[in-house]
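Asker: I'd like to ask some things about the structure below.
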Amino acid sequence: MNLTTHKIKILAFTALSSGILLVSAQSKIVTKTETSKSQSGKIVPMNLKWSERMLLSEMHRFPEAWMLDFSKNPKWTYPSAIVLDGAEKLYAKTGKKEYYDYISGFGEKLINEDGTIQTYELEKYNIDMLNSGNVLLYLYEKEKKEKYLKALQTLRLQIEGQPRTKEGSFWHKKIYPYQVWLDGLYMGMPFYTHYTKDFITGNDAQKAYDDIVFQFDSVQKNLLDKKTGLLYHAWDESKQQAWADKQTGLSPNFWGRAMGWYGMAMVDVLDFLPKDHPGRARIVSYLKSYADAVINVQDKNSGLWYQVLDKPLENGNYEEASASAMFVYTIIKSVNEGYLPQSYKTAAKKGYDGIIKNLITVDENGVVNLNKCCAVAGLGGKPYRDGSYEYYVNEKIRSNDGKGTGPFILASLEFEKQ
0 MNLTTHKIKI LAFTALSSGI LLVSAQSKIV TKTETSKSQS GKIVPMNLKW SERMLLSEMH
60 RFPEAWMLDF SKNPKWTYPS AIVLDGAEKL YAKTGKKEYY DYISGFGEKL INEDGTIQTY
120 ELEKYNIDML NSGNVLLYLY EKEKKEKYLK ALQTLRLQIE GQPRTKEGSF WHKKIYPYQV
180 WLDGLYMGMP FYTHYTKDFI TGNDAQKAYD DIVFQFDSVQ KNLLDKKTGL LYHAWDESKQ
240 QAWADKQTGL SPNFWGRAMG WYGMAMVDVL DFLPKDHPGR ARIVSYLKSY ADAVINVQDK
300 NSGLWYQVLD KPLENGNYEE ASASAMFVYT IIKSVNEGYL PQSYKTAAKK GYDGIIKNLI
360 TVDENGVVNL NKCCAVAGLG GKPYRDGSYE YYVNEKIRSN DGKGTGPFIL ASLEFEKQ
C-alpha cells in the first residue's frame, strides 16, 4: 500500500466514524453538522416541517448564531434574534437540545462575564440594539446567569435615555435626530414590554405599559396614510431631512419590510401586554386596519408582496421575501390569537403558499433557501439614502437573510399549530 492510498483510507474511516465536518470560512471554526442528518444522506431531512427545515438550514449556513447577519466576527446585531425567536419556539416544541445550544451559544459569545455586551455602545442610542435583548430575556429565564441580568439592565437603561420627539416617540437613533421609523417599533417595543412583564411592578410597570402603547398611538397618528391604510417608512418631526415632505415630514414611499416590522411589533407586544390594559384594544384595532391595508396590496396571483408595496407594476419592483414572510406571520398569528377573524387566514395561507412556491428552493442536500430578500434599506446616512422608489428597488438583494428566514420560521410554526 503506497502512502497516498493509506491517507485516503484514513480520511474515509475518519469521515465514516466522526460524521461529516463543516468548515466555516467565516469563523475558521470546524463544527459537526446537525445530528439529525437523515439516513438518505440529507443534511436537512425532507420529512420535517418547514419550520425545522429552515432552522436546520440556517444552522448549517451559520454554525454559530452570531453569524446569522452574515457577520465575520461576533457583533451585537438584531437579525440573529429573529431567527433565535423561532429556535426558542422549536426547542419548546421538539425538546431538541441542539436548538437550545444554538441559542445559548449566542449569549455566551456576545455577553462578557462582567455583563458587558460585545460591540454594543449605549451612548449611540440605536433602538435596533434592543432587539437581541429578547434572546437574553429567554436565556436569563432559563439559566439565571448574572451576566445576562446585567446586560439586560444596560439595555433597559438605553430606553431611559433614548431621545424622543416632542410628544414622546423614540428617535430611531441618536444620529437620526427627530426621526421615527416603523422599524423601531419592532426593534424596541417587544423587548420593552417583555422586560417590564418580567422585572417591573406596580406604578412603574403601568407607566411603562402606557409608554409602550403610546408609541403605537403616535405612529398611527403621524405615519398613517388614511387613503390606503398603509404607513410610511419614516417621519421627520423637524421636516429638515431631504427625504422628508416639507409639509408632513413623511418619507415618500411604503417600504414592504418597514410595514412588516410594524405588524410583527404589534402582534409580539400583545404577548406581554397585560390582558386588562386599555391599550390592548387599540393595538388590536390597529392590527385590523393594518391587515386590511396589507391584504389590499397583496398580489392576487402569487400571494406575495412587493418591495415598494403600492407600485407593483413599476420598473424594477419585485416580490420581496422578508416583507412577505412578515405579513404572513403577523396575519396568521393574529388569527390564531383571536385578534383577527378566521376569514383572514385565507390571505395568510395564500401568502405562505406563494413563498414556498416562488421564493423557496431546496438544494440536493436538503438545505432550504429563501430567495429575494432585500439586504438592507434605510434613510439618510452616508451615502445618503433618499427614500425614493429608485432607491428601494436598487438596494442589494440576497438569499437567506435572517430578516426573512426568521419570520418564515415563525410563520411556519403558526401554520403548524393548525
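If you count the sequence shown from 1, position 305 lands on 304 in numbering that gives the first Met the number 0, and the numbers rise without skipping. We put the CB at the ideal spot given by N, CA and C, even for glycine.
#1: Determine the closest residue to residue 398 out of 370, 343, 404, 376, with distance taken between C-alpha atoms.
#2: I want to check one thing, is the minimum distance from the CB of residue 369 to the heavy atoms of the ligand GTP below 7 Å?
#3: For residue 233, which beta-bridge partners are listed by DSSP?
#4: Can you tell me where the beta strand (DSSP E) with residue 355 in it begins and where it stops?
#5: Using only CA atoms, which one of 372, 292, 233, 351 lies nearest to residue 431?
#6: How about residue 41 and residue 256: are their beta carbons less than 8 Å apart?
#7: What are the boundary residues of the alpha helix (DSSP H) that residue 221 is part of?
#8: Looking at the structure shown, is residue 386 part of a helix, part of a strand, or coil, going by DSSP?
#9: DSSP puts residue 361 in a beta bridge; with which residues?
#10: Rounding to the nearest angstrom, what Cα-Cα distance links residue 158 and residue 198 in this structure?
#11: Between which two residues does the alpha helix (DSSP H) containing residue 143 stretch?
#12: Verify whether the separation of the beta carbon atoms of residue 259 and residue 43 is less than 8 Å.
#13: I'd like the list of long-range same chain contacts for residue 50, defined as Cβ closer than 7 Å, with 5 residues on each side in sequence excluded.
#14: Just verifying my parser: in three-state terms, what is the DSSP assignment at residue 32?
#15: Please confirm whether residue 131 and residue 70 have their CB atoms less than 8 Å apart.
#16: Under a three-way DSSP split, which group does residue 249 fall into?
#17: Pick out the complete beta strand (DSSP E) segments inside the segment 48–72, 3 residues or longer, and give them in chain order.
#18: Spatial neighbours of residue 187 within its chain, please: CB distance less than 6 Å, with the 5 preceding and 5 following residues excluded, ordered by chain position.
#19: Find the nearest neighbour of residue 379 within the set 230, 184, 185, 234, judged by alpha-carbon distance.
#20: Quick one: residues in its chain with C-beta nearer than 7 Å to the C-beta of residue 329, no 5 flanking neighbours on either side, listed in chain order?
#21: When you compare the CB of residue 133 with every CB in chain C, is at least one pair closer than 8 Å?
#22: Return yes when the Cβ of residue 75 is within less than 8 Å of the Cβ of residue 108, no when it is not.
#23: Would you call residue 24 buried or exposed, if buried means 16 or more other Cβ atoms sit within 10 Å of its Cβ?
#24: For a quick check, are the C-beta atoms of residue 194 and residue 163 less than 8 Å apart?
#25: Which of the three DSSP states is assigned to residue 299 in this structure?
#26: Specify the secondary structure class of residue 271 as computed by DSSP and reduced to three states.
#27: So, residue 392 versus residue 316, is the Cβ gap smaller than 8 Å?
#28: Would the segment 169–189 and the segment 209–228 be scored as touching if the rule is three or more Cβ pairs under 8 Å?
Answerer: Inspection of the coordinates gives the following:
#1: In the sequence shown, counting from the first residue as 1, residue 398 sits at position 399. It is 370.
#2: Summarising the ligand content, the structure contains no ligands, and the ligand GTP is consequently not present.
#3: To locate residue 233, count along the sequence shown from 1; it is residue 234. For residue 233, which the question treats as bridged, DSSP gives the partners 180.
#4: By one-based count along the sequence shown, residue 355 stands at place 356. Run containing residue 355: none in the beta strand (DSSP E); it sits in the alpha helix (DSSP H), 344–357.
#5: Residue 431 falls outside the range modelled here, since the chain spans only 0 to 417, and no answer is possible.
#6: If you number the sequence shown from 1, residue 41 lands on position 42. If you number the sequence shown from 1, residue 256 lands on position 257. No, Cβ-Cβ distance for residue 41 and residue 256 is not below 8 Å.
#7: Locating residue 221 in the sequence shown gives position 222, counting from the first residue. Start and end: 201–222.
#8: If you number the sequence shown from 1, residue 386 lands on position 387. In the three-state reduction of the DSSP assignment, residue 386 falls in the coil class, being assigned neither a helical nor a strand state.
#9: Numbered from 1 along the sequence shown, position 362 holds the residue referred to as residue 361. Answer by DSSP bridge pairing, in chain order: 367.
#10: For the purposes of this step, residue 158 is taken as residue 159 along the sequence shown, with counting starting at 1. For the purposes of this step, residue 198 is taken as residue 199 along the sequence shown, with counting starting at 1. Cα to Cα, the separation comes out at about 14 Å.
#11: Against the sequence shown, residue 143 aligns to sequence position 144. Note, residue 143: premise wrong, no alpha helix (DSSP H); not H, not E.
#12: Locating residue 259 in the sequence shown gives position 260, counting from the first residue. Locating residue 43 in the sequence shown gives position 44, counting from the first residue. Against a cut-off of 8 Å, the Cβ pair of residue 43 and residue 259 comes out as no contact.
#13: For this step, residue 50 is matched to residue 51 along the sequence shown. The beta carbon of residue 50 is closer than 7 Å to those of 85, 89, 408, 411, 412, 415 in its chain, skipping five residues each way along the sequence.
#14: For this step, residue 32 is matched to residue 33 along the sequence shown. The predicted model places residue 32 with a pLDDT of 38, which falls under 50 and marks its position as unreliable; any figure quoted below should be read in that light. Under the three-state reduction of DSSP, residue 32 is assigned to coil, being neither helix nor strand.
#15: As a working mapping, residue 131 is identified with position 132 in the sequence shown. As a working mapping, residue 70 is identified with position 71 in the sequence shown. The criterion of a C-beta distance shorter than 8 Å is not satisfied by residue 131 and residue 70.
#16: Here residue 249 refers to the residue found at position 250 when the sequence shown is read from its first residue. In the three-state scheme derived from DSSP, where H, G and I count as helix and E and B as strand, residue 249 is classed as strand.
#17: Listed in chain order, nothing qualifies, since the segment 48–72 has no complete beta strand (DSSP E) run of 3 or more residues.
#18: Position 188 of the sequence shown, counting from 1, holds the residue named residue 187. Around residue 187: 126, 129.
#19: On the sequence shown, residue 379 is found 380 positions in, with the first residue counted as 1. Closest by alpha carbon: 234.
#20: The sequence position of residue 329 within the sequence shown is 330, counting from 1. Once the five neighbours on either side are set aside, the close Cβ partners of residue 329 are 262, 263, 266.
#21: Among the chains of the structure shown, chain C does not appear; only one protein chain is present.
#22: On the sequence shown, residue 108 is found 109 positions in, with the first residue counted as 1. On the sequence shown, residue 75 is found 76 positions in, with the first residue counted as 1. In this structure, residue 75 does not lie closer than 8 Å to residue 108 by Cβ.
#23: Taking the first residue of the sequence shown as 1, we reach residue 24 at position 25. At residue 24 the pLDDT is 37, less than 50, meaning the model places this residue with poor confidence and gives no usable figure here.
#24: Residue numbering aside, residue 194 sits at position 195 when the sequence shown is read from its first letter. Residue numbering aside, residue 163 sits at position 164 when the sequence shown is read from its first letter. No, they are not a contact pair.
#25: Working through the sequence shown from its first residue, we reach residue 299 at position 300. Residue state, collapsed to three classes: coil.
#26: Residue mapping note: residue 271 aligns to position 272 of the sequence shown, counting from 1. If DSSP states are grouped into helix, strand and coil, residue 271 belongs with coil.
#27: Position 393 of the sequence shown holds residue 392. Position 317 of the sequence shown holds residue 316. Yes; because the gap between Cβ atoms is below 8 Å, this pair is in contact.
#28: The segment 169–189, when compared against the segment 209–228, does touch it at the 8 Å Cβ threshold.
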